[in-house]
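Going by the working numbering, the sequence shown opens with residue 41, and the numbers climb by one from there.
Read the structure below first, then the notes.
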Amino acid sequence: MAILTPSIESFVFKPSSKGFLLDAYVYEEYGGIEGEDPDTGEVFRIQPGKNIYYSQARDKQNIFLSSINDALLHKLKEQCYKSKHCKETEWQKDSDFEAGEGWKDETDK
Numbered sequence: 041m042a043i044l045t046p047s048i049e050s051f052v053f054k055p056s057s058k059g060f061l062l063d064a065y066v067y068e069e070y071g072g073i074e075g076e077d078p079d080t081g082e083v084f085r086i087q088p089g090k091n092i093y094y095s096q097a098r099d100k101q102n103i104f105l106s107s108i109n110d111a112l113l114h115k116l117k118e119q120c121y122k123s124k125h126c127k128e129t130e131w132q133k134d135s136d137f138e139a140g141e142g143w144k145d146e147t148d149k
């Protein structure tokens, strides 16, 4: 199996008179996964995906750079999934990801 999907979370800020405002918080996958199922021999490909967790134009909040922390980012992800603006990508569905909760690893269990 070839794993071709690096994923990144990115932030876009815009300047204001009071500091830098978060304009967008985006999750994006590049590439994809392709391989062959060892049990059935079927070839498969999982396409990359993208979610815009936060958009100031859409969500109408003023979030300043100085107020960003892990709890806030988690809240923005949850709001995105609850509002149906975000969906699990194929890559997330095929891993230990749970919508609104982020990636899980063995240390989280």
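Ideal Cβ placement from N, Cα and C applies to all residues, glycine included.
Endpoints, the beta strand (DSSP E) within which residue i is located
i	result
residue 77	Neither: residue 77 is in no beta strand (DSSP E) and is coded neither H nor E.
residue 91	90 to 95
Coil, strand or helix - residue i by DSSP
i	result
residue 50	strand
residue 67	strand
residue 127	coil
residue 148	With a pLDDT of only 41 at residue 148, under the threshold of 50, the placement of this residue in the model should not be trusted, and no figure is reported.
residue 56	strand
Nearest-angstrom Cα separation, counted from residue j out to residue i
i	j	result
residue 91	residue 59	26 angstroms
residue 96	residue 103	8 angstroms
residue 118	residue 77	32 angstroms
residue 120	residue 88	19 angstroms
residue 52	residue 111	18 angstroms
residue 124	residue 55	29 angstroms
residue 50	residue 57	23 angstroms
Span of the alpha helix (DSSP H) around residue i
i	result
residue 115	110 to 122
The ligand FMN heavy atom lying under 6 angstroms from the CB of residue i
i	result
residue 96	The ligand FMN is not among the ligands present in this structure, which contains no ligands whatsoever.
Cβ separation of residue i and residue j, assumed to be a contact under 8 angstroms, to the nearest whole Å
i	j	result
residue 67	residue 93	6 angstroms
residue 65	residue 113	7 angstroms
residue 61	residue 108	No, residue 61 and residue 108 are not in contact; Cβ-Cβ is about 11 angstroms, not under 8 angstroms.
residue 47	residue 69	5 angstroms
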